[in-house]
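Q:
Numbering (the numbering used here), first residue to last: 400 to 503.
1. In the DSSP assignment, find the unbroken alpha helix (DSSP H) run with residue 492 in it and report its ends.
2. Determine the DSSP secondary structure at residue 457, reduced to helix, strand or coil.
3. Whose C-beta lies closer than 6 Å to the C-beta of residue 477 among residues of the same chain, with five residues either side of it excluded?
4. Determine the DSSP secondary structure at residue 450, reduced to helix, strand or coil.
5. Find out if the Cβ-Cβ distance for the pair residue 498, residue 432 is shorter than 9 Å.
6. Any idea if residue 430 is buried or exposed, counting beta-carbon neighbours within 10 angstroms, 16 or more meaning buried?
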């Protein structure tokens, strides 16, 4: 009876180790995926780089002026992410600029 319990306990410990290793691997894969996504989706937030076409220059500069105004006057900022592609619609650089106070 005791041997069976010890054997069962060893099996459970071995399975727990396998699950932990699997979780660690998945966590590392997620971390790498997020790292790649944030590197690929960084955009430069400045009026100089805001436009490449003369036709869109007015609307882009207006957008960035409004963004700065909203950030300056807001007490709370919510960032809404698309659940289908949360990293694709996220701007890490914009988040850092807001948190550092550089956007105002």
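C-beta atoms are modelled at their ideal positions from N, C-alpha and C, and glycine is treated no differently.
A: Reading from the atomic positions:
1. Per DSSP, residue 492 belongs to the alpha helix (DSSP H) from 491-499.
2. helix
3. Correct list: empty, nothing qualifies.
4. A caution first: residue 450 carries a pLDDT of 45, below 50, which makes its placement in the model too unreliable to give a value.
5. no
6. exposed
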